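The next block holds one structure in the form of structure tokens; read it before the comments.
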Amino acid sequence: MTFASAMVPLDPGPCSSDRLHLACDLARQFDAFLVGVAAREALPHRFYGRGAYINQNTVDCAGGRLDQELARLGAEFRRACGQRERAEWRVARQDPMTFLTQQARAADLVVLSRYQDEAVEDWCACIEPGEAILRLGRPVLLVPPGTRTLAARRIVVAWKDAREARRTLSDALPFLRTADVVLLVEVADKDDGTIRDVARYLGHQGVSCTLLRRPISSRGIAAEILGVAQSEGADLLIAGAYGHTRMRGLIFGSVTQALLERTPVCSLMSH
């Protein structure tokens, strides 16, 4: 199992160039086909409303600016790919999340930026990572601001015996099989033995791992996981996403939300 194809969406935001560079690097590592995508509405409904009156001159000007922006992003993608033949650029005048959801069928892995503060003018072109994880049906690699490469030599796997964690573990095998160190971390007060089953499963997949258990503390589960990742010098965190409904997470808080907002290293998540 490997990543035969990867996809990276581009936008005018400040982190677009970083994740493009990282996606190109990963495509070379795995000899994967790379698909770049970009989409934006000239006059986004979320700003103007579906019933707003807009004259033709405004429509034409917005369309012209959009075409220039998408052309610039396409040129940036082709420049980053260089002479690489196994690459493709896809673009549309469409809501960016809707377009990415459609196009993700062509990729094993989607590379996005982690939560960040964006300028208002960029907001309508950005992909919200929590929503993407739920909608794409593909593993999502989240890239922190300023990160341009990923060696994935030291990996922390956050384990919880839930469907999302099992799915992510399987999706992450291409990274796990090439890592130098894999730490399987469980934050729980009781040892139910499931983590040892997972270690045996990974062993059958050719992955050697070290088990770490941490008790639940007042810091919270996400803080314990991030503490291990930091102390062990991990460069990749693997975790299942949204074991509860996302609305519940937004109201009461969730481990996924905390990781999306605070993880200082690349994170691979699936739902």
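Every position in the sequence shown, counted from 1, becomes a number in the working numbering once 103 is added.
Where a beta carbon is used, it is the ideal one built from N, C-alpha and C, also for glycine.
The structure presented is a predicted model; accordingly, all values stated were derived computationally and were not measured.
Give me, in chain order, the residues of the same chain whose beta-carbon lies closer than 8 Å to that of Ala-207; leave out the 5 immediate sequence neighbours on both sides.
Met-110, Val-213, Leu-239, Gly-240, Arg-241
Straight-line CA distance for Val-194 to Val-140?
6 Å
Please report the straight-line C-alpha distance between Glu-172 and Ala-130, rounded to a whole angstrom.
25 Å
To which residues does DSSP link Pro-112 through a beta bridge?
Val-140
Can at least three beta-carbon pairs, one atom from the stretch 293-302 and one from the stretch 112-127, be found at a separation below 8 Å?
no
Could you compute how far the alpha carbon of Asp-338 sits from the alpha carbon of Val-260?
11 Å
Per DSSP, Arg-257 forms a beta bridge with which residues?
Val-284
Please go through the same chain and pick out, in chain order, the residues whose beta-carbon is closer than 8 Å to the beta-carbon of Leu-123, but skip the five residues on each side of it.
Val-111, Leu-113, Gly-139, Glu-179, Phe-180, Ala-183
Can you find at least 3 beta carbon pairs, one from the stretch 242-260 and one from the stretch 280-295, that sit closer than 8 Å?
Contact between the stretch 242-260 and the stretch 280-295 is present, because at least three Cβ pairs lie under 8 Å.
Compute the distance between the beta-carbons of Ser-108 and Ala-190, then report whether it is under 8 Å.
no
From the DSSP output, read off the bridge partner residues of Cys-369.
Leu-339
Which residue's Cα is closest to the Cα of Asp-274: Leu-363, Pro-367, Gly-343?
The residue with the shortest Cα to Cα distance from Asp-274 is Gly-343.
Would you mind stating whether Leu-176 and Arg-196 have Cβ atoms separated by less than 8 Å?
no
Which of the three DSSP states is assigned to Glu-54 in this structure?
No information on residue 54 is available, as it lies outside the stretch 104 to 374 that the chain covers here.
Return yes when the Cβ of Leu-363 is within less than 8 Å of the Cβ of Leu-203, no when it is not.
No; because the gap between Cβ atoms is not below 8 Å, this pair is not in contact.
Let me check understanding here. Comparing Cα to Cα, which of Cys-369, Gln-333, Ile-328, Leu-314 lies closest to Val-358?
Ile-328
May I have the straight-line CA-CA distance separating Glu-144 from Pro-247, to the nearest angstrom?
26 Å
Using DSSP with H/G/I as helix, E/B as strand and the rest coil, what is Arg-122?
The three-state secondary structure of Arg-122, taken from DSSP, is helix.
What number of angstroms, rounded off, separates the C-alpha of Gly-352 from the C-alpha of Gln-360?
Residue placement at Gly-352 cannot be trusted, given a pLDDT of 47 that sits under 50; the coordinates are not used to answer.
When the distance is taken between beta carbons, is Val-331 closer than 8 Å to Arg-317?
yes
Check whether the Cβ atoms of Arg-270 and Ser-373 sit closer than 8 Å, and answer yes or no.
yes
Looking only at its own chain, which residues have a Cβ that is under 6 Å from the Cβ of Glu-289, when we skip the five neighbours before and after it?
Counting only Cβ-Cβ distances below 6 Å, and skipping sequence neighbours, we find Trp-262, Ile-298, Arg-316.
So, helix, strand or coil for Ser-311, using DSSP?
coil
Figure out for me which residue from Ala-142, Gly-233, Leu-215 has the closest Cα to the Cα of Trp-192.
Ala-142
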